[in-house]
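I have placed the structure first, in the form of structure tokens, so that the comments after it can refer back to it.
Protein chains: 2
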Amino acid sequence: MLKPLDPILHSELRLAIMSILIGVESADFVYLRKQTSATAGNLSVQIEKLQKVGYIEVEKSFNGRMPRTTCRITEAGRAAMASYVEALKDYLNI
Amino acid sequence: MLKPLDPILHSELRLAIMSILIGVESADFVYLRKQTSATAGNLSVQIEKLQKVGYIEVEKSFNGRMPRTTCRITEAGRAAMASYVEALKDYLNI
DNA sequence: ATAAATAAGTTTATAAAATAAACCAAATCT
DNA sequence: AGATTTGGTTTATTTTATAAACTTATTTAT
């Protein structure tokens, strides 16, 4: 029987964000925007959702007076991704 | 760079339907409903969407006077699933 | 020095999707 | 005969994703 898919991760942009963050120490807003080619608004919203459930940590600092948003995946985020991947495999028959 | 994910397939219920149909000759509404535990309304709507894009064929017949909806995957559907799986792999790092 | 364009975001509005609730016709159970 | 269940569809509601508009600061060009 197919398991339910974590609705937070089952979203193209949020999955892309997590996929990028899983491979790096941290990534900032600008980098994520370039890699995903998402609009700033959409990226902002989805980062917030991932943070709210604790899958990523977000650090807002300033570079001079320019804002800088740095994201990194949490242990909970890694675990959620691992379960999501396992669940998806059944759907994809892989 | 991550490829866009087919929005028709990137939906839990539609993916479940396709995942089931890929492994059988055909499946009817009742069977799909049991396997997915979706509501009838939701299942009806999602079957229609998959049919509209040509990923499945739907045959509506009668068993006596009781309606019977039979679904089967098409070649286009198989191809779409294959591409979707390949695209997703990049997101999942597998 | 100042106006115009770009950068880094956030907030609000809109469009699209998923889901649920209501409904219908036929069959079955009491 | 009346109530319940089966196999759906249609319509309404909620949730989600996305885009558009806006803010503050920084460059770039004039």
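So the protein lines, in turn, are chains A and L. All residue numbers in the first sequence are consecutive under this note's numbering, ending with 113. All residue numbers in the second sequence are consecutive under this note's numbering, ending with 113. Even for Gly, the Cβ is constructed at its ideal location relative to N, Cα and C. Here the structure is a predicted model, which is why all the values come from computation and not from measurement.
{"query": "Proximity test, Cβ basis, 8 Å: Ser63(L) and chain A", "result": "no"}
{"query": "Closer than 8 Å to chain L by CB, Tyr110(A)", "result": "yes"}
{"query": "Buried versus exposed call for Ile96(L) [16 or more other C-beta atoms within 10 Å across all chains shown]", "result": "Note that residue 96(L) is Gly in the sequence shown here, rather than Ile. Buried, because 16 or more other Cβ atoms sit within 10 Å of the Cβ of Gly96(L)."}
{"query": "Helix, strand or coil at Lys22(A) according to DSSP, with G and I counted as helix", "result": "coil"}
{"query": "Nonlocal neighbours in the same chain, by C-beta distance under 6 Å from Phe48(L), ignoring five residues either side", "result": "Thr88"}
{"query": "Counted within 10 angstroms of its Cβ, other Cβ atoms place Arg84(L) as buried (16 or more) or exposed", "result": "exposed"}
{"query": "Coarse secondary structure for Thr55(L), derived from DSSP in three states", "result": "helix"}
{"query": "For Ser80(L): DSSP bridge partner residues", "result": "Arg87(L)"}
{"query": "Reduced DSSP category for Ile27(A) - H, G, I as helix; E, B as strand; rest coil", "result": "coil"}
{"query": "Extent of the continuous alpha helix (DSSP H) run through Tyr4(L)", "result": "Residue 4(L) falls outside the range modelled here, since chain L spans only 20 to 113, and no answer is possible."}
{"query": "DSSP-derived helix/strand/coil call for Ile36(L)", "result": "helix"}
{"query": "Alpha carbon of Arg91(A) to alpha carbon of Pro23(A), nearest angstrom", "result": "26 Å"}
{"query": "Distance cut-off 7 Å: Ser80(A) Cβ against heavy atoms of the ligand COA", "result": "Among the components of this structure there are no ligands whatsoever, and the ligand COA is therefore not found."}
{"query": "Test: Ser45(A) CB closer than 8 Å to a CB of chain L", "result": "no"}
{"query": "Chain L residues whose Cβ lies nearer than 7 Å to that of Ala35(A)", "result": "Leu21, Tyr110"}
{"query": "Proximity to Gln65(L) [Cα-Cα], best of Ile36(L), Lys53(L), Asn112(L)", "result": "Ile36(L)"}
{"query": "Where the alpha helix (DSSP H) containing Val104(L) begins and where it ends", "result": "94-111"}
{"query": "Interface flag, Val115(A) vs chain L, CB-CB below 8 Å", "result": "Residue coverage of chain A in this structure runs from 20 to 113, which leaves residue 115(A) outside it and unanswerable."}
{"query": "Within chain L, the residues that Ser80(A) reaches when beta carbons sit closer than 8 Å", "result": "Here the premise fails: no neighbours, minimum Cβ distance about 27 Å."}
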